[in-house]
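Peer 1: Submitted below is the structure of interest, expressed as structure tokens.
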Amino acid sequence: MTKPVEEIARHTIAVLVDNEAGVLARVIGLFSGRGYNIDSLTVAEVDPRENLSRITVVTSGTRMIVEQIKNQLRRLVPVHKVSDLTLEGPHVARELALVKVACTGDKRMESVQIAGIFRARTVDATNESFIFEVVGATDKVDAFIKLMEPLGLVEVSRTGAVAIARGGNPL
Amino acid sequence: MTQQDTLTGAEILLKALVDQGVEVIFGYPGGAVLPIYDELFKQNRLRHILVRHEQAAVHAAEGYARSTGKVGCVLVTSGPGATNTVTGLADALCDSIPLVCLTGQVPTNLIGNDAFQEADITGITRPCTKHNYLVKDVNNLAKTIHEAFHVARSGRPGPVLVDLPKDVVQAKGEYSAAAKLKTKYKPQVKGDLKAIEKAVEIIAAAKRPIVYAGGGVVNSGPAACQLLTQFVRMTGFPCTLTLMGLGALPGSDPLFLGMLGMHGTVEANMAMHDCDVMINVGARFDDRVTGRLNAFAPHSTKIHIDVDPSSINKNVAVDLAIVGDAAHVLEDLIKVWKAKQARVDAKALNKWWTQINAWQSMDCLRFEKSSKLIKPQYAIRRLYELTKDRNPYICTEVGQHQMWAAQHLKFEQPNHWMTSGGLGTMGYGLPSAMGVQVAHPDALVIDIAGEASIQMNIQELATLCQHRLPVKIFILNNQYLGMVRQWQELIHGGRYSESHMDVHPDFVKLADAYGAVGLRTDKPSELDDLIREMIAVDRPVICDVRTDASENCYPMIMPGMAHNEMVLGPEDRSADKPGSEEDGMVLV
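As they're listed, the protein sequences go chains A and B.
Position one of the first sequence corresponds to residue 41 (our numbering), numbered consecutively onward.
Position one of the second sequence corresponds to residue 610 (our numbering), numbered consecutively onward.
What follows is the structure, given as structure tokens:
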């Protein structure tokens, strides 16, 4: 008996946690210990009064695995809310990347033009290099980096996605 | 805050433990916890049981917790004291046993300095505790202890570790009472009524139903076990229990089909395979229960009641999930059933029982009797017959003897069966029995053991003697790592790699050396007298029962096989079928 191959999908999950020592290790340890994927993970304090941090984790797996990930996250004591933004309606996701490109001549001009198309800001420039700051959905950032590759891409630093549901309601 | 209101951290800790209803602590002192031990010395409300190894302290607390329903409490020092608890904590996490483990830690200013006896124990135990804490401020100490007990016992129970730096327990601070605890941790215990109504519909329409209940019912408490029994008797449905669930339904109940799974009965496993409706109450579709997943109960509608949402749809996709505590959900289920005046399909149920009776008539737990060698199954049955009137508490180690005990003993009540189910920890039984005996000083407490497992925590004989705990250790001695040998015989071509131990201690002399009593026999005719003597002696006893070394535990579902592909005994040719691999997973 062959099982139907279950489709693997990418999900963006928002997790509201107590901002306390070890909470990130708990979340990351859960993913590594149970063999779940992390495509990206961002974390920062979002509510100093309530002492809450928000983790945005982009993961991929079958429907059953993603369901497991959310249930396992909910089981952690410092976790307050877990929301699967991919499932729960439209959301906005953004990430920021700093992209360093070293080039001269025509390539220099081309890189600035492409940066303009992508609305990337030039945050550092020397005679031989630029650093562009590009903000957007993950696939836009991917596309920008890909275009910079032949133009002298040196290195990239990315934040990973942060995401929030559309509309007036909180998490 | 006046001077009178301030206490030292150690005083606050002990006050919090008393506030939480702790009566016994299992522990071992050391440098980092000396201030706490000094405080223990000055009081007499908390009893301390001095063990001989920290792992045993955790297992003892597990035995205490499982036989009483209370939270077990452990106190050990930093570094090696703390790391020695890891196996016990992992064991308690797998079997959902409520524990609070207090570990000493080096002073806060030395943390991260590789100080003497420093270990990052909150880091080490993060994946093997339900939750853990490092207390850095004495004014958070009382609140943290109260929350630790709350987390340990709420929802799906589990072990919680609290790491206590030495300067924190020496500093002065303020106590806050347990009643003042504000916590955000509130797991769902009431099941969704709509789902329960749907369950009643499914159950009423069932033609070949089975109730499959597990440790979640036992953990929920005696009320849940009574409600389970009421539900099973009300419907007349057959019921099987997991290794962790034994005792949730009386073992003598005619509706009980025995344990299911890898070494479960034919009737339980076949009924699971052929059922059309499965009602899972507090069990987690463990791989030792399900066998090959794609052939698991293939024609069934599955209802899953569990307090832990992450147990649902983890291994097996179910049709109806009810998140909630077993007692609450069963109570509502029975209420709705009665309110709707639901009826079972009696005709279909009769037919189903005819089929089940046919499976039962195979008498799958039968074994060859011998007048020369003690068959291990015979030893367990005689132990049962000669002790059942005293309603004993039974602990086990891990291996063949554990499975034979699960198969051949009957438990009329919950909380009388302590065994390492999820983690399978050899060395669990003796310290666990120790904890049970502390909680029930007048009860008969027996550790059914193998000669290999017992040696993993044999040092606790000294604890038994020191604290006058008359635990009876019943060793089925076959000179082998029996379950390893069985797998090597059946799966690895009879190559007995490192599963035979040539050297064992003389258990009678060993008992004597510790101040316990040692008994030995290898003759079936002497067995009853040995068991009677074991019960009669009011001291710790080791019985070295020499058994047939070649005996295997049957029935057995070979790894990668399905419930209806059991091997019934050595004469059964299906033992030759190789186990398959699924999804590239190595099946263990």
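Cβ atoms here follow ideal geometry from the backbone N, Cα and C, with glycine treated the same way.
Over the uninterrupted beta strand (DSSP E) stretch that includes A:T166, give me the two end residues.
Peer 2: Element bounds for A:T166: n/a, residue is neither H nor E.
Peer 1: The beta strand (DSSP E) that contains B:N748, what's its start and end?
Peer 2: Where B:N748 is concerned, there is no enclosing beta strand (DSSP E), given that its DSSP letter is neither H nor E.
Peer 1: Any idea what DSSP makes of B:V1080, helix, strand or coil?
Peer 2: Reduced to three states, the DSSP call for B:V1080 is coil.
Peer 1: Suppose contacts are defined by Cβ-Cβ distances below 8 Å. Is B:A619 in contact with B:P644 by that definition?
Peer 2: Yes; because the gap between Cβ atoms is below 8 Å, this pair is in contact.
Peer 1: Name the DSSP beta bridge partners of B:Y1089, please?
Peer 2: Note: B:Y1089 sits in a beta bridge opposite B:H1109.
Peer 1: Can you tell me the Cα-Cα spacing of B:A699 and A:L138, whole angstroms?
Peer 2: Roughly 43 Å separates the two Cα atoms.
Peer 1: Expressed to the nearest angstrom, what Euclidean distance is found between the alpha-carbon atoms of B:A892 and A:E189?
Peer 2: Their backbone Cα atoms lie some 54 Å apart in a straight line.
Peer 1: Compute the beta-carbon to beta-carbon distance between B:D704 and B:S979, rounded to the nearest angstrom, for a pair I have assumed lies under 8 Å.
Peer 2: Their Cβ separation, rounded to whole angstroms, is 35 Å, which puts B:D704 and B:S979 out of contact at 8 Å.
Peer 1: Would a check of beta-carbon distances place B:V953 closer than 8 Å to chain A?
Peer 2: Not an interface residue.
Peer 1: Output yes if chain B places a C-beta closer than 8 Å to the C-beta of A:R89; else output no.
Peer 2: So no, A:R89 is outside the interface.
Peer 1: Would you mind reading off the limits of the alpha helix (DSSP H) that contains B:R999?
Peer 2: Here B:R999 belongs to no alpha helix (DSSP H), and DSSP marks it neither H nor E.
Peer 1: From this set, B:N749, B:H740 and B:K651, which residue's C-alpha is nearest B:P766's C-alpha?
Peer 2: Residue B:H740 is the option with its Cα nearest to B:P766.
Peer 1: From B:V660 to B:P918, what does the alpha carbon distance come to, in whole angstroms?
Peer 2: Taking the straight line from one Cα to the other gives about 37 Å.
Peer 1: Against chain A, which members of the region 760 to 775 of chain B pass a CB distance test of less than 7 Å?
Peer 2: Listed in sequence order: V760.
Peer 1: Taking one C-beta from the region 104 to 122 of chain A and one from the region 70 to 79 of chain A each time, how about it: are there three or more such pairs within less than 8 Å?
Peer 2: Contact holds: three or more Cβ-Cβ distances are below 8 Å.
Peer 1: Cα-Cα, which of B:E663, B:V633 and B:V642 is closest to B:N653?
Peer 2: That would be B:V633, whose Cα lies nearest to the Cα of B:N653.
Peer 1: Starting from the C-beta of B:H1010, find all residues in its chain whose C-beta is less than 6 Å away, skip the five residues before and the five after it, and write them out in chain order.
Peer 2: Hits under 6 Å: I1057, G1059 and L1085.
Peer 1: CB A:V55 to CB A:S80, shorter than 8 Å?
Peer 2: No; because the gap between Cβ atoms is not below 8 Å, this pair is not in contact.
Peer 1: Beta-carbon within less than 7 Å of A:V119's beta-carbon, same chain only, minus the 5 sequence neighbours each way: which residues are those?
Peer 2: Taken in chain order, the residues that qualify are V55, V57 and L113.
Peer 1: Which chain B residues are close to A:H120, counting only those with a beta carbon under 9 Å from its beta carbon?
Peer 2: Within 9 Å Cβ-Cβ: K793.
Peer 1: Confirm, please, whether the CB-CB distance from B:V680 to B:L655 is below 8 Å.
Peer 2: It is not a contact, given that the beta carbons lie outside the stated cut-off.
Peer 1: From B:A1171 to B:F894, what does the alpha carbon distance come to, in whole angstroms?
Peer 2: Cα to Cα, the separation comes out at about 13 Å.
Peer 1: Per the DSSP calculation, B:Y821 is bridged to which residue(s)?
Peer 2: Answer is B:T849 and B:N889.
Peer 1: Cα separation between B:V683 and B:K997?
Peer 2: The straight-line gap from Cα to Cα measures roughly 31 Å.
Peer 1: I'd like to confirm the pairing. Which residues does DSSP put opposite B:N741 in its beta bridges?
Peer 2: B:L770, per the DSSP bridge assignment.
Peer 1: Need the endpoints of the alpha helix (DSSP H) that B:V777 sits in, please.
Peer 2: Unbroken alpha helix (DSSP H) run through B:V777: K775 to Q779.
Peer 1: Using only the alpha-carbon positions, how far apart do B:E1006 and B:G1038 sit?
Peer 2: The alpha-carbon atoms of B:E1006 and B:G1038 are separated by roughly 4 Å.
Peer 1: Which same chain residues, not among the five before or five after A:R134, have their C-beta less than 8 Å away from its C-beta?
Peer 2: Excluding residues within five positions, the ones whose Cβ falls inside 8 Å are V175, G176, A177, A201, V202 and A203.
Peer 1: Quick one: Cα of B:L929 to Cα of B:K911, how far?
Peer 2: Rounded to whole angstroms, B:L929 to B:K911 spans 6 Å at the Cα level.
Peer 1: Go ahead and label B:R1094 buried or exposed: buried means 16 or more other beta carbons lie within 10 angstroms of its beta carbon, across all protein chains shown.
Peer 2: It counts as buried.
Peer 1: Do you know whose CA, among B:M1043, B:S1062 and B:R1077, lies nearest B:R675's CA?
Peer 2: Answer by Cα proximity: B:M1043.
Peer 1: Find the nearest neighbour of B:V925 within the set B:V916, B:D954 and B:A906, judged by alpha-carbon distance.
Peer 2: Cα-wise, what sits closest to B:V925 is B:A906.
Peer 1: Can you pull the chain B residues whose beta carbon is under 8 Å from the beta carbon of A:A61, in chain order?
Peer 2: Within chain B, the residues near A:A61 are L743.
Peer 1: Tell me which residue opens and which closes the alpha helix (DSSP H) that B:Q1016 is part of.
Peer 2: Per DSSP, B:Q1016 belongs to the alpha helix (DSSP H) from Q1009 to H1017.
Peer 1: Write down the C-beta distance between B:H668 and B:G713 rounded to the nearest angstrom, noting that I regard them as a contact closer than 8 Å.
Peer 2: About 20 Å; that fails the 8 Å criterion.
Peer 1: So is A:Q153 in contact with chain B if we call contact Cβ pairs under 8 Å?
Peer 2: It does not: the Cβ of A:Q153 has no partner Cβ on chain B nearer than 8 Å.
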